[in-house]
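Encoded as structure tokens, the structure appears first; notes follow it.
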Amino acid sequence: MVSSKKNRKAFMRSKLKELVFKREQAEQRRIFQNEIAEKTGLTPGTISRWMSPRPIRQIQDDVVIPLCEFFQCDIGDLVTIEYSDD
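Be aware that the sequence shown starts at 50, since it is given in this note's numbering, and climbs by one per residue.
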């Protein structure tokens, strides 16, 4: 029996790694985290956290907006909601 979403814990996960991969394929070159940091004005640590598979605890507009502008995407392309039975 599948549990409903009500009984499951929701968490957010970054899809930044996927966006980087797509951009690398389109541009036929490697894109490094420090390049993203430099072009977005975000810290390398912030980029590293967003590249991590760990859940995102909070979304800040001063992080999301520069990333969406850099990748020319919407927030839904950058973040996904996943569910856990825990």
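Don't be surprised by glycine CBs; every beta carbon is placed ideally from N, CA and C.
Environment of residue i [buried if 16+ CB atoms lie within 10 Å]
{"i": "residue 97", "result": "exposed"}
{"i": "residue 63", "result": "buried"}
{"i": "residue 79", "result": "exposed"}
{"i": "residue 92", "result": "exposed"}
When the options are compared against residue i, the one with the closest alpha-carbon
{"i": "residue 76", "options": "114, 106, 120", "result": "120"}
Rounded straight-line distance, which links the Cα of residue j to that of residue i
{"i": "residue 103", "j": "residue 125", "result": "17 Å"}
{"i": "residue 66", "j": "residue 81", "result": "11 Å"}
{"i": "residue 115", "j": "residue 85", "result": "10 Å"}
Cut-off 8 Å between Cβ atoms - residues of its own chain near residue i, not counting five sequence neighbours on either side
{"i": "residue 117", "result": "123, 124, 126, 127"}
Neighbourhood of residue i by C-beta distance below 6 Å, restricted to the same chain and skipping five residues each side
{"i": "residue 69", "result": "80"}
{"i": "residue 99", "result": "63, 65"}
Neighbourhood of residue i by C-beta distance below 7 Å, restricted to the same chain and skipping five residues each side
{"i": "residue 72", "result": "80, 120"}
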